[in-house]
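Residue numbers (full-length UniProt numbering), protein chains in the order written: chain A, 1 to 249; chain B, 1 to 249; chain C, 1 to 249; chain D, 1 to 249; chain E, 1 to 249; chain F, 1 to 249; chain G, 1 to 249; chain H, 1 to 249. Using N, Cα and C, we set each Cβ at its ideal position, and we do this for glycine too. Keep in mind the model is a prediction, meaning the values are calculated, not measured.
Protein chains: 8
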Amino acid sequence: MEILQKLEKGEIRAEEAEKMLKIEPFEELGYAKVDYHREVRTGVPEIIYCAGKTQEQICGIVKNMLEHGAEHIFGTRCSREKYEAVRKICPDMEYDELARIISRGKPAQPFNNGMILVACAGTSDLPVAREAALTARFLGNEVEEIYDVGVAGIHRLLAKMDVLTRANVVIAVAGMEGALASVIGGLTDKPVIAVPTSVGYGASFNGLAALLAMLNSCASGTSVVNIDNGFGAGYMAHSINCLAGKRSR
Amino acid sequence: MEILQKLEKGEIRAEEAEKMLKIEPFEELGYAKVDYHREVRTGVPEIIYCAGKTQEQICGIVKNMLEHGAEHIFGTRCSREKYEAVRKICPDMEYDELARIISRGKPAQPFNNGMILVACAGTSDLPVAREAALTARFLGNEVEEIYDVGVAGIHRLLAKMDVLTRANVVIAVAGMEGALASVIGGLTDKPVIAVPTSVGYGASFNGLAALLAMLNSCASGTSVVNIDNGFGAGYMAHSINCLAGKRSR
Amino acid sequence: MEILQKLEKGEIRAEEAEKMLKIEPFEELGYAKVDYHREVRTGVPEIIYCAGKTQEQICGIVKNMLEHGAEHIFGTRCSREKYEAVRKICPDMEYDELARIISRGKPAQPFNNGMILVACAGTSDLPVAREAALTARFLGNEVEEIYDVGVAGIHRLLAKMDVLTRANVVIAVAGMEGALASVIGGLTDKPVIAVPTSVGYGASFNGLAALLAMLNSCASGTSVVNIDNGFGAGYMAHSINCLAGKRSR
Amino acid sequence: MEILQKLEKGEIRAEEAEKMLKIEPFEELGYAKVDYHREVRTGVPEIIYCAGKTQEQICGIVKNMLEHGAEHIFGTRCSREKYEAVRKICPDMEYDELARIISRGKPAQPFNNGMILVACAGTSDLPVAREAALTARFLGNEVEEIYDVGVAGIHRLLAKMDVLTRANVVIAVAGMEGALASVIGGLTDKPVIAVPTSVGYGASFNGLAALLAMLNSCASGTSVVNIDNGFGAGYMAHSINCLAGKRSR
Amino acid sequence: MEILQKLEKGEIRAEEAEKMLKIEPFEELGYAKVDYHREVRTGVPEIIYCAGKTQEQICGIVKNMLEHGAEHIFGTRCSREKYEAVRKICPDMEYDELARIISRGKPAQPFNNGMILVACAGTSDLPVAREAALTARFLGNEVEEIYDVGVAGIHRLLAKMDVLTRANVVIAVAGMEGALASVIGGLTDKPVIAVPTSVGYGASFNGLAALLAMLNSCASGTSVVNIDNGFGAGYMAHSINCLAGKRSR
Amino acid sequence: MEILQKLEKGEIRAEEAEKMLKIEPFEELGYAKVDYHREVRTGVPEIIYCAGKTQEQICGIVKNMLEHGAEHIFGTRCSREKYEAVRKICPDMEYDELARIISRGKPAQPFNNGMILVACAGTSDLPVAREAALTARFLGNEVEEIYDVGVAGIHRLLAKMDVLTRANVVIAVAGMEGALASVIGGLTDKPVIAVPTSVGYGASFNGLAALLAMLNSCASGTSVVNIDNGFGAGYMAHSINCLAGKRSR
Amino acid sequence: MEILQKLEKGEIRAEEAEKMLKIEPFEELGYAKVDYHREVRTGVPEIIYCAGKTQEQICGIVKNMLEHGAEHIFGTRCSREKYEAVRKICPDMEYDELARIISRGKPAQPFNNGMILVACAGTSDLPVAREAALTARFLGNEVEEIYDVGVAGIHRLLAKMDVLTRANVVIAVAGMEGALASVIGGLTDKPVIAVPTSVGYGASFNGLAALLAMLNSCASGTSVVNIDNGFGAGYMAHSINCLAGKRSR
Amino acid sequence: MEILQKLEKGEIRAEEAEKMLKIEPFEELGYAKVDYHREVRTGVPEIIYCAGKTQEQICGIVKNMLEHGAEHIFGTRCSREKYEAVRKICPDMEYDELARIISRGKPAQPFNNGMILVACAGTSDLPVAREAALTARFLGNEVEEIYDVGVAGIHRLLAKMDVLTRANVVIAVAGMEGALASVIGGLTDKPVIAVPTSVGYGASFNGLAALLAMLNSCASGTSVVNIDNGFGAGYMAHSINCLAGKRSR
């Protein structure tokens with residue numbers, strides 16, 4: 001509207017207006033378009049999903065971001081090998097081996113007082129849980145983590161009721177039968193994001209069992225992300241938590 | 001703790017304390033346990049999932065709730081036949097044919113200013129979308145609905161950008177290829193709850209295609225509920241929206 | 001060996017011995033072979049699975065059993081219509097509508113003191129749970145039942161710990177996400193038989209979700225039977241419980 | 001008919017006629033039959049699918065083609081290792097690392113003015129998109145490519161409406177939720193060929209999610225090829241584009 | 001651009017320009033948006049998919065179209081019952097029982113000389129084949145049909161080589177093992193659109209066998225639509241055939 | 001060759017030769033092509049698969065066959081309703097309710113001395129077993145049947161070793177876990193044709209369990225037909241048995 | 001209750017009581033909680049599932065257990081490499097290469113006279129069978145093993161009837177078609193635990209065929225554990241066998 | 001019977017008779033039972049499936065066979081590495097790299113005049129086709145092979161009609177869409193054994209597409225073996241071919 005009014009007033013010309021209405025807020029790299037309006041639009045910087053990209057492509061994107069003055073860089077599913085390559089052009093890039101995450105820069109401080117809880121069922125689910133936790137933290141949230149609280153030893157979870165009660169959002173990470181999400185969903189009235197993991201063997205079918213179980217959860221207030229998608233859960237929790245803090249900003 | 005302190009002070013006896021710590025906050029009907037603490041605990045009354053219950057069982061539950069003075073009653077997946085039976089013992093029960101929902105009583109007024117948007121892709125997805133909308137409304141939320149905005153006519157959705165921007169949470173309901181969730185997820189930074197529907201035929205495999213598409217959404221800030229689970233989406237949106245309103249209560 | 005020794009002693013002839021070694025311990029009905037040695041061999045009478053049989057075939061089998069003096073008759077998956085037909089030739093046949101079981105005669109008294117517990121997650125799982133309970137009872141076991149103890153309200157189950165502790169074997173019946181088996185498996189050290197049910201919709205895929213979840217249970221001491229196979233669970237529990245009582249017989 | 005008339009006129013004998021009617025228009029290599037009539041019949045030379053063939057078999061086929069004077073050679077799914085072996089017997093064979101394609105010779109010039117557009121959703125889909133583009137180009141078509149136009153950033157695609165409008169046929173390449181095909185299908189009235197890719201993880205089930213989504217596309221004028229089948233899409237686009245140019249030849 | 005220039009010249013005002021840029025080219029019915037620009041934009045009138053719509057909704061859409069002066073109306077997957085209801089408000093609506101198609105009005109004459117061939121494997125595949133044929137004809141194409149040419153009697157198909165050679169596009173409709181598409185694909189160099197049908201039983205899994213076979217076709221120049229999607233195939237063939245006729249219009 | 005020699009000798013003309021080489025040995029009914037050369041070519045009359053055909057189509061085919069003097073008519077998957085319609089135009093058509101087969105005429109006498117054995121696991125598998133038996137008999141084979149020999153009572157099968165030994169080919173029909181084929185395959189060195197049936201529930205997935213089990217049989221000399229495909233098994237057994245009798249004809 | 005009575009008597013304070021009621025009977029390692037009450041509660045020491053844990057994590061757990069004086073340590077799915085690492089901190093740890101099990105300490109002597117039989121179908125199933133046998137033995141049971149008794153050579157199994165008759169519980173391990181469980185289930189009236197293995201190829205789908213077959217077993221008294229879950233079967237057999245010995249302890 | 005008569009006559013004693021009736025006709029190796037009666041019983045020597053066996057186990061079996069004087073040894077799915085190990089203890093063992101078969105000794109001469117034809121669709125299917133051919137040849141059959149006759153070039157197959165006509169049994173080997181079996185089935189009245197292969201990618205799902213297609217073949221006289229099971233097809237063809245030669249032996 002602003003642009004159109006300028007045009008009406010003769011401050012800009014029709015050609016300029018057309019260009020402005022169409023302007024591409026992203027940088028074309030040939031193999032990728034880096035979106036620099038994104039952080040402005042959504043408060044979240046462009047995030048690099050490294051799994052399907054070559055070392056050269058990742059380095060190219062990082063280099064381009066640095067040239068545009070990006071302070072915060074965050075990449076998921078990054079092998080150590082790719083990280084080593086990236087570090088050569090961005091020496092202060094850090095790496096979390098377990099979560100396979102590269103990151104640069106830290107949020108100044110948590111933007112609200114709400115806490116996101118990441119709970120996971122078994123030791124083998126840790127990489128996914130950590131991915132969720134690091135993602136949510138990078139986006140400026142306070143995060144707590146409780147691990148190895150699988151439902152076969154329900155007392156381990158019940159012993160953590162106080163943390164559960166304090167959380168704004170809960171991320172429940174579990175492989176195998178994925179029952180953790182239902183049990184947590186029944187113990188809290190806060191939104192629960194269920195993350196099935198590919199942990200298991202045989203009839204777990206690489207996480208299908210946990211995925212189906214979570215989709216069929218009898219607990220209300222639960223929704224599900226893709227198998228092993230710790231990043232997606234962390235991001236969803238963040239966008240929920242943003243709402244909680246909205247009034248206080 | 002309170003109970004334990006009373007015991008320490010001698011105000012109650014060990015047997016009483018034990019009983020109170022164990023007390024069953026639900027009514028045993030033989031075939032079901034109706035939970036009357038639930039509304040207190042979570043602010044949400046017990047909700048009746050009618051699909052797997054006989055007419056007799058549903059009437060029994062409703063009767064029991066009425067005897068306990070329940071003002072708000074809400075039941076999903078209820079056939080007209082079952083509704084007719086229920087109405088005999090609860091004359092002011094209402095029925096929504098499309099959503100197959102029975103309900104009694106209405107929330108006084110929306111508890112905060114945040115709005116939940118229910119968007120659906122095609123006319124055939126309406127019953128599920130309506131189930132989501134009615135659920136969220138019954139739980140006290142302001143709800144808006146936009147229908148028939150499937151991605152094959154993207155201009156229909158873009159024409160609704162203003163409503164999309166105003167929403168606190170978006171519920172995206174779609175069958176067939178389920179692409180609506182991804183497109184909406186890319187247009188908003190608010191949490192999106194994707195509901196795959198069983199609308200379609202052939203390789204839709206009763207909603208599997210939409211479910212898988214939504215789980216694999218390339219848009220961040222999206223999570224998924226079970227196929228046709230309008231209720232679950234409405235409830236999840238409600239528990240997210242509660243957070244948004246938290247400070248103002 | 002006995003037969004061979006008789007032959008050696010000349011008490012019987014080679015032809016007779018051959019026949020005895022080969023003797024068919026079942027009655028040939030053309031469409032079915034009724035096994036009358038079975039009750040002798042295993043302590044369990046022949047059981048009729050009615051689902052795939054015509055009304056005529058079921059009546060034929062029952063008639064044949066009556067002619068052979070069978071006191072105990074038990075049939076599963078029997079529609080009311082088929083039951084009505086059977087009752088005409090066997091007036092004291094009883095029918096359980098919920099479990100869809102026909103039965104005649106009752107075991108004198110429970111053969112040992114061990115108890116089989118049948119626990120089920122939701123009201124909709126009742127028919128399967130009842131099938132399990134009636135089967136185990138018909139085979140002479142003491143059976144207790146607790147219903148509607150789904151994991152989304154874990155306190156409902158914890159309130160029943162005393163019954164759980166008393167049981168020799170536990171049958172856990174659940175549809176949807178099937179988490180009940182894991183939670184119970186973690187609360188007891190007795191064998192748990194998990195029965196997935198087809199209760200649910202969408203991504204429950206007619207019980208597949210619950211089946212996979214139960215097969216992937218992280219609780220040790222759990223095994224699984226087919227979807228909706230209440231009979232199989234009741235029978236398995238019986239053959240386990242027989243071992244418990246072995247010494248006292 | 002020609003042959004039969006010659007026979008009638010006595011120009012050839014019955015044995016010769018029989019042989020001519022049966023003649024095998026292909027060269028037998030034992031493990032493969034190379035079809036030299038193909039280029040004549042369809043205007044397209046025999047194409048080598050290298051994935052299931054050994055290095056020796058591929059070299060044998062190339063050698064045989066060269067001996068028959070083939071100018072154009074094209075092979076898909078060829079590893080660098082196999083390419084190196086082929087280059088020894090055919091030094092002017094070229095290799096595209098990304099698309100894993102070997103090729104020799106180039107079409108003189110595009111045979112008509114219609115353009116084939118290859119659009120792909122993410123950087124990881126590039127190898128498949130490139131396979132489609134190179135195939136269509138080798139067959140004599142003009143091809144344009146736009147990359148990284150996934151639906152989660154719909155403005156990236158809308159910014160390319162002009163290219164989309166100019167195209168005769170569009171190939172839409174996408175993994176994960178595969179929504180690109182539907183959105184493009186809604187934006188153009190030209191035929192769209194959808195190529196699901198195996199890009200993704202978890203519930204993408206190696207491309208199944210994208211495949212199902214594309215098969216269920218709500219946009220008319222869309223059809224689908226196998227997962228990762230860039231070659232098939234390029235070929236299909238070519239045979240469609242041939243029709244467009246038919247009149248002008 | 002035109003609008004913007006008018007604005008620059010002062011012919012219209014900013015508010016008007018904004019509205020015009022955003023204008024909704026469709027009629028809002030609450031449950032559906034009827035798109036009246038569509039015929040202008042794509043040359044194809046809005047088509048009604050009746051399967052997921054109630055009788056009332058279909059009648060509402062038809063009524064609305066008639067009020068807007070629509071001459072051509074076309075609806076697929078319409079039961080006889082729904083047709084009877086529609087005929088009351090639109091007496092000249094016709095019905096094809098086999099294809100379950102309602103239609104009103106006929107295209108003046110085929111717009112080009114290219115022919116679309118619909119070939120189907122067995123008698124049971126006829127409804128789907130007919131849906132494809134009627135769709136393509138309604139859109140203005142010349143269509144020929146050959147039926148019962150399954151590959152188990154390959155001579156039946158070979159006897160039709162002349163028709164096959166004359167076609168611009170071929171639609172191959174087959175259930176069971178779906179081999180027809182591959183065989184036809186090998187006999188022609190024209191684009192082939194494969195339509196798997198749900199005809200079959202057991203391991204056909206409602207068309208999955210044919211679908212997978214067609215996706216894996218070893219014949220180049222073949223692409224696939226959803227199971228039983230005769231409409232989609234007819235439409236795709238039409239948009240291909242349009243290209244063929246482009247020059248002559 | 002014969003035709004070509006006649007042409008060479010001038011006995012026929014080129015046009016006639018062409019026609020004769022191309023002659024269509026089937027009758028075109030529009031919806032079906034009835035093949036009258038088939039009985040000559042293969043010794044087996046055209047067989048009607050009734051499931052996907054309308055009553056009118058079946059009657060049309062039968063009528064056409066009668067007009068061509070067909071003595072033997074055989075149709076599978078025919079409902080009683082369709083049979084009643086057929087009987088009106090062909091009064092001596094017979095019907096087997098269990099196997100759902102219509103047939104007219106009987107083979108004079110078995111063409112060789114080899115016997116085909118049909119063995120089935122349970123009473124519920126009878127319809128499929130009977131379809132196999134009737135098919136093989138109609139094609140002129142001697143057939144014996146043994147029923148209810150499921151592997152859970154292995155003595156029932158072992159008691160029939162003599163029949164098993166006498167058979168030329170064995171058809172093993174079983175649903176549920178489909179183990180019968182493996183056990184029989186281990187007891188005989190004759191070819192075994194395994195027929196999975198859709199008998200079962202839950203994780204039988206309509207015969208998938210039996211199908212997979214049979215495909216994975218550890219017994220050599222076993223092959224498999226489609227689920228419930230009694231006809232296919234009978235036909236395959238026939239074509240094997242033909243070989244056995246070849247020399248003696 | 002005991003704790004509450006102490007509190008009533010003033011022997012402890014409210015804070016202490018609260019802590020005691022909540023006490024965590026496990027050691028927190030950050031990535032795992034080691035449960036030391038478990039052996040007391042269930043008579044079974046904590047068992048380490050090594051597959052999803054890093055070398056460091058396993059060593060950490062073992063070290064912690066040794067520090068707590070654990071005599072019996074048992075770990076499954078342990079690679080030789082991980083074992084070598086563990087042996088450095090626990091020199092008397094033993095390793096079974098076939099079963100991939102690490103163990104330390106041996107049960108004094110079998111706790112009752114009941115025997116568990118492990119039967120397996122083929123040589124390739126041995127690792128899973130051995131895992132089951134070692135697990136049951138470690139838990140204090142007498143175990144016998146019979147191998148290579150697949151159903152295609154039924155006489156091999158029948159020759160072992162005496163061992164079968166002596167067993168308290170039977171574990172039937174089989175891949176491919178998994179028929180062993182049904183046949184054994186028919187030969188004994190003792191509980192049978194079926195273990196599908198991933199042995200096979202093609203349509204065995206990594207054990208799915210055997211799993212489905214076993215779930216559909218027509219033999220009563222059979223239940224199933226996850227594919228390749230030898231440990232689970234051994235544990236389940238143990239908890240059943242405990243019941244058998246209950247009276248004699 | 002013979003044994004029993006000897007016992008009656010007193011020629012042997014009861015103990016001896018019992019032992020003879022039970023005698024184990026196989027050698028116990030601990031991990032395998034080698035069956036030496038097999039060649040006598042079925043005319044086929046024990047065959048070693050090497051895939052799931054360790055090098056040590058295969059060598060042990062071969063050694064044991066040599067010690068028992070076995071002249072013919074045959075093993076499938078044998079890696080070159082395992083073969084090298086076997087050759088050390090059996091120097092005249094031969095190896096076919098393509099089919100991965102080890103064999104020793106050759107059948108004297110084909111036992112009858114019937115020929116088995118192995119036809120395969122593409123070069124990549126060769127290993128499976130060769131496995132079938134070598135198996136059938138080892139068992140004493142005459143075998144011919146035709147390769148690369150996929151249905152997309154139907155003339156390649158039609159050019160081989162003469163070989164097809166001469167065959168007693170046809171083995172049709174094909175991956176991808178598996179249509180070869182149907183086409184061959186329609187061209188011959190001999191039994192056709194269809195072998196799906198795992199050749200393909202994407203929606204071939206490792207051979208599932210071809211398997212389903214073949215199971216749904218519309219051609220009568222076709223049955224199917226497991227994916228890639230060349231051995232099974234060769235064996236089945238052999239047991240059919242045995243019947244053909246029966247009379248002449």
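Pull out every residue of the stretch 232-245 of chain D whose Cβ sits closer than 9 Å to any Cβ of chain H, in chain order.
none
Rounded separation between Ile23/B and Val163/A - CA only: Any reading at Ile23/B must be qualified, since the residue scores a pLDDT of 46, below 50, and its modelled position is unreliable; the value itself is stated next. So the alpha carbons of these two residues sit roughly 23 Å apart.
- prompt: Can you name the residues that DSSP bridges to Asp96/H?
  reply: Ile101/H
Check your understanding: So who's on the other strand from Glu142/A, going by DSSP bridges?
Key -> Met115/A
Thr76/C (DSSP reduced to helix, strand or coil) = strand
As a quick exercise: from Ser103/C, Leu117/C, Lys53/C, Gly105/C, pick the residue whose alpha carbon is nearest that of Leu98/F. Lys53/C
* Asked: Of all the alpha helix (DSSP H) runs that stay within the bounds of the UniProt domain "PurE" (114-246) of chain A, which reach a length of 4 or more residues?
  -> 126-138, 154-158, 161-166, 180-187, 208-215, 230-245
Do the stretch 208-221 of chain H and the stretch 181-190 of chain H make contact, defined as three or more Cβ pairs closer than 8 Å?
-> yes
Worksheet item: How do the stretch 111-126 of chain D and the stretch 148-168 of chain D stand: do at least 3 beta-carbon pairs fall below 8 Å, yes or no?
Response: yes
ask   = Going by the beta-carbon positions, is the gap between Ala233/D and Ala129/D smaller than 7 Å?
value = no
Note to self: Against chain K, does Ser198/B count as a neighbour if the rule is that its beta carbon must be under 7 Å from one of theirs?
What the structure shows: In the displayed structure, chain K is absent; the protein chains listed are A, B, C, D, E, F, G and H.
Which bits of chain B does Ala203/C rub up against, with CB to CB less than 7 Å?
Leu211, Asn226, Ile227
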